[in-house]
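Only one structure is covered here, and it is reproduced in the block below.
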Amino acid sequence: PTVFIWFRNDLRLTDNQALTAACEHARTVNAKVKAVYLVTPEQWRLHDVGARQLDFIRRHLHELARALARLGVEFELRQCARYRDVASLWQQQLLQQHGIAIYAGREPEFNEICRDQQLLDVGVPLRLTDEHCLLPPLSVLNQSGDMYRVFTPFSRRWREQARCFAIVPLPAPTPIATALDNVQLETTQARIEQLFQPLINDVDTSSWPAGEGEAQRRLQQFIDNGVSDYQQLRDFPAVAATSSLSPYLTLGVISPRQCFAALLARFPEVLNDDTSPGRSWLTELIWREFYRHLLVAFPHLSKGANFNPLADNVIWRNHPQEFAAWCAGKTGYPIVDAAMRQLNSSGWMHNRLRMIVASFLSKHLLVDWRWGEQYFRQQLLDGDLAANNGGWQWSAGTGCDAQPWFRIFNPISQSEKFDADGRFIRHWLPELTSTPLAELHRPNPARNLFNSDYPAPIVDHQAARERALKVLAVLKKA
Ligand code: FAD
Numbered sequence: 002p003t004v005f006i007w008f009r010n011d012l013r014l015t016d017n018q019a020l021t022a023a024c025e026h027a028r029t030v031n032a033k034v035k036a037v038y039l040v041t042p043e044q045w046r047l048h049d050v051g052a053r054q055l056d057f058i059r060r061h062l063h064e065l066a067r068a069l070a071r072l073g074v075e076f077e078l079r080q081c082a083r084y085r086d087v088a089s090l091w092q093q094q095l096l097q098q099h100g101i102a103i104y105a106g107r108e109p110e111f112n113e114i115c116r117d118q119q120l121l122d123v124g125v126p127l128r129l130t131d132e133h134c135l136l137p138p139l140s141v142l143n144q145s146g147d148m149y150r151v152f153t154p155f156s157r158r159w160r161e162q163a164r165c166f167a168i169v170p171l172p173a174p175t176p177i178a179t180a181l182d183n184v185q186l187e188t189t190q191a192r193i194e195q196l197f198q199p200l201i202n203d204v205d206t207s208s209w210p211a212g213e214g215e216a217q218r219r220l221q222q223f224i225d226n227g228v229s230d231y232q233q234l235r236d237f238p239a240v241a242a243t244s245s246l247s248p249y250l251t252l253g254v255i256s257p258r259q260c261f262a263a264l265l266a267r268f269p270e271v272l273n274d275d276t277s278p279g280r281s282w283l284t285e286l287i288w289r290e291f292y293r294h295l296l297v298a299f300p301h302l303s304k305g306a307n308f309n310p311l312a313d314n315v316i317w318r319n320h321p322q323e324f325a326a327w328c329a330g331k332t333g334y335p336i337v338d339a340a341m342r343q344l345n346s347s348g349w350m351h352n353r354l355r356m357i358v359a360s361f362l363s364k365h366l367l368v369d370w371r372w373g374e375q376y377f378r379q380q381l382l383d384g385d386l387a388a389n390n391g392g393w394q395w396s397a398g399t400g401c402d403a404q405p406w407f408r409i410f411n412p413i414s415q416s417e418k419f420d421a422d423g424r425f426i427r428h429w430l431p432e433l434t435s436t437p438l439a440e441l442h443r444p445n446p447a448r449n450l451f452n453s454d455y456p457a458p459i460v461d462h463q464a465a466r467e468r469a470l471k472v473l474a475v476l477k478k479a
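When we follow our numbering, the leftmost residue of the sequence shown carries the number 2, and every step to the right adds one.
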């Protein structure tokens with residue numbers, strides 16, 4: 002008999018409850034363990050998964066293949082264009098290989114939940130573990146038994162509940178059989194290349210090392226050297242003051258439990274004491290959980306719906322050329338353009354900048370936030386439906402939290418405050434290297450007269466602000 006471990010967005014051996022359970026099950030019935038990864042190109046295209054993220058997955062799969070070979074676990078990759086074909090593929094696989102169970106980590110997105118339900122409906126012995134959040138979705142509820150719609154009370158309740166848990170990550174399982182030989186490993190690696198090469202074009206993600214060893218190293222380095230200054234420095238894009246773990250968390254190369262455990266080991270008081278130096282980072286990890294819980298509680302969010310139904314009445318301008326200028330980093334607002342160039346060339350953007358460019362697109366240009374959400378998803382290495390949708394709806398004022406529609410980020414004062422010496426802007430906009438600091442943060446209507454490399458502003462800030470206030474007034478609660 003065979004017990005399967007189905008890797009999805011949980012590409013690690015340590016603290017992998019599904020893998021540990023599969024190994025334990027196999028040991029008790031003397032079965033073999035086999036790992037499976039499904040390559041689903043058509044589904045990924047529908048979900049706007051970008052080539053960079055696919056390349057990052059490809060590189061993690063190589064690391065995973067090596068680690069599984071040491072455990073004595075065979076690793077098979079199968080291609081299956083869409084989720085709707087997954088149930089029959091598994092039925093075949095179980096039949097051919099005497100499969101008795103499949104273990105996998107539960108996912109929060111609507112299509113992924115439906116895919117798993119289809120398997121269960123046809124009797125596939127799928128056993129799901131909860132590991133993409135520390136506290137599972139639908140387990141942090143208000144007094145009426147409903148999901149919170151606002152972050153602050155959610156986070157308070159989340160911390161109360163988290164105090165009741167022993168947060169102890171699992172070690173990697175011990176080898177289940179003799180290590181695989183090199184020929185078997187090379188066959189798996191050739192298969193990874195065969196299935197992924199057609200999907201990744203020419204992208205290069207090598208500046209982000211792959212594998213859970215690297216994720217653990219980043220976590221430890223951040224906990225040892227960065228987390229205490231996080232509150233003071235986290236908003237300055239020219240400073241590397243955040244953990245840069247999101248690409249690894251998104252693909253489950255590291256688990257949220259491992260992050261919480263490391264934080265608690267350094268600051269044991271962090272769940273109880275508001276003044277703990279670890280508090281700010283804890284709050285960000287809870288934001289991550291909040292958006293995932295929302296996705297499960299409100300499945301229509303996975304289908305592009307506004308969280309606030311009043312937003313269905315917004316008449317977006319959706320000007321294609323203005324959207325194209327925003328994508329290309331050519332709006333004439335230096336901080337917006339520098340941020341978009343960073344995204345386009347590296348697949349990464351600092352959180353403060355994500356808020357600035359999202360506000361600029363949805364409010365200054367009045368482009369539907371879903372256009373921006375899709376573009377981010379296609380470019381980001383850490384593209385994640387829950388956090389991306391949550392971040393975009395928060396920025397556009399259509400979301401669940403207290404960022405009101407009438408608060409419009411001023412890209413000039415944001416730039417002056419968070420990139421005061423212009424270091425970030427100059428790095429990403431070399432055409433402005435010699436622009437004096439006093440002018441660097443401001444769009445300059447005369448700019449294209451003397452500097453043809455850099456455009457004049459696409460909109461006037463004050464006029465755009467007034468226009469947005471008029472259009473978005475439909476979000477005003479009765
Ligand atoms: P740190 O500051 O070190 O935070 C630690 C971890 O907490 C992050 O790795 C991430 O997993 C989580 N986190 C931090 N901030 C947030 C947040 N606001 N919402 C949810 N989780 C958070 N994050 C993604 O992982 N994927 C996305 O696709 C994504 N899209 C976004 C789109 C917009 C418009 C906005 C405003 C934010 C988006 N974020 C997204 C959230 C945030 O910008 C990134 O998680 C963060 O910049 C990652 O950097 P870091 O790992 O150094 O984070």
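Where is the CB? At the ideal position from N, CA and C, for every residue including glycine. If you're wondering where the values come from, they're calculated on a predicted model, not measured in any experiment.
Could you please give me the residues that DSSP links to residue i through a beta bridge?
i	result
T130	G106
A340	In the DSSP output, where bridge partners are listed per residue, A340 has none listed.
E432	Its beta-bridge partners do not exist; DSSP assigns none.
K35	F5, E75
M148	L142
G100	T3
V358	Beta-bridge pairing links V358 to no other residue.
V40	Q80
Measure the C-alpha to C-alpha separation of residue i and residue j and round it to an integer number of angstroms.
i	j	result
T175	H365	55 Å
T188	R258	33 Å
L311	W159	29 Å
E108	A421	41 Å
I255	C328	31 Å
Q54	D383	7 Å
R128	R424	50 Å
Q18	A263	18 Å
Q198	V34	28 Å
H26	I177	11 Å
D11	T130	11 Å
S140	A68	33 Å
E113	I168	27 Å
H428	Q80	41 Å
Q217	D16	12 Å
Does the distance from the CB of residue i to the CB of residue j come in under 8 Å?
i	j	result
I336	P412	yes
P1	W209	Any question about residue 1 goes unanswered here, given that the chain covers just 2 to 479.
A173	L295	no
G212	E75	no
T3	G73	no
I103	F5	yes
L528	G398	The question about residue 528 has no answer here: the residues shown for the chain are numbered 2 through 479.
I201	L62	no
S277	F268	yes
V123	Q93	no
L220	L246	yes
L181	A70	yes
L433	Y455	yes
Residue i by DSSP, collapsed to three states: which one?
i	result
F8	strand
Y334	coil
V30	helix
F76	strand
V87	helix
V271	coil
C401	coil
G15	Sequence inspection shows Thr at residue 15; the Gly mentioned does not correspond to that position. Looking at T15 - three-state DSSP - the assignment turns out to be coil, as it is neither helix nor strand.
C328	helix
I498	No information on residue 498 is available, as it lies outside the stretch 2 to 479 that the chain covers here.
A241	coil
L284	Going by the sequence as given, residue 284 is Thr instead of Leu. Three-state result, T284: helix.
Report back the beta-carbon spacing between residue i and residue j to the nearest angstrom; my notes put them in contact at under 8 Å.
i	j	result
S396	S346	In fact, because the Cβ distance is near 22 Å, the residues do not count as touching under 8 Å.
Q394	F308	5 Å
G330	R318	With a Cβ gap of about 20 Å, G330 and R318 do not count as contacting.
I459	T332	5 Å
R371	G305	6 Å
G348	T243	With 8 Å as the limit, G348 and T243 do not qualify as a contact, their Cβ atoms being about 16 Å apart.
N389	F377	6 Å
L78	Y38	5 Å
G51	Q375	Going by Cβ atoms, the distance from G51 to Q375 rounds to 10 Å, so no, they are not a contact pair.
F111	S303	3 Å
C1	L234	Since the first residue shown for the chain is 2 and the last is 479, residue 1 is missing from the structure and cannot be characterised.
C401	R150	5 Å
A163	L135	6 Å
Using a Cβ-based criterion (distance less than 7 Å to any ligand heavy atom), does residue i qualify as near the ligand PLP?
i	result
H351	Only the ligand FAD can be found as ligands here, which leaves the ligand PLP out of the picture.
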